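**Q** Numbering (the working numbering), first residue to last: 422 to 536.
Backbone N, C-alpha and C fix where the C-beta goes; we use that ideal spot for every residue, glycine too.
Quick caveat, the model's predicted, so the values are computed rather than measured.
Before I ask anything, let me first share the structure, which is written out below as structure tokens.
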Amino acid sequence: AHSAPPLSTEQSKMAKHLIPLLDRVLVEKIVAPTKSVGGIILPESAVSKINEAKVLAVGPGRRAAQNGDLIPMGVKVGDSVLLPDYGGQKVDLGDKDKELFLYSDQEILGVVESN
422 AHSAPPLSTE
432 QSKMAKHLIP
442 LLDRVLVEKI
452 VAPTKSVGGI
462 ILPESAVSKI
472 NEAKVLAVGP
482 GRRAAQNGDL
492 IPMGVKVGDS
502 VLLPDYGGQK
512 VDLGDKDKEL
522 FLYSDQEILG
532 VVESN
């Protein structure tokens, strides 16, 4: 029996891709900068908490209880969204630099539009 060759680092990153089910949304939280423009490391108390995230993937939506019709998602991939202070499920896909969370479409407070 032949075994598959080991995956390179890049291939293993590509292999871990999450597709949300139902009305779930995968987001990457936007992390507040911890250094000032001049390179000074800011204390945690001075760093404002940002409840904004970028949508990385969305599920197909959920079905209406009455008739089974698909209820469309309120967000799409690439949207910047406003998140509640609490909630969401932390997800680890192997990338230490990203804070990934799964939220229900109903938990997301709104879409942030930039002018």
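1. Skipping 5 residues on each side, what residues in its chain have a beta carbon closer than 7 angstroms to that of Pro441?
2. Does DSSP put Gln510 in a helix, a strand or coil?
3. Identify whether Glu473 lies in helix, strand or coil by the three-state DSSP scheme.
4. So, Gly489 versus Asp526, is the Cβ gap smaller than 7 angstroms?
5. Quick one: residues in its chain with C-beta nearer than 8 angstroms to the C-beta of Val538, no 5 flanking neighbours on either side, listed in chain order?
**A** For this structure:
1. Leu447, Ala478, Val479, Gly480 and Leu523
2. strand
3. strand
4. no
5. With the chain represented from 422 up to 536, any question about residue 538 goes unanswered, as that position is not in the structure.
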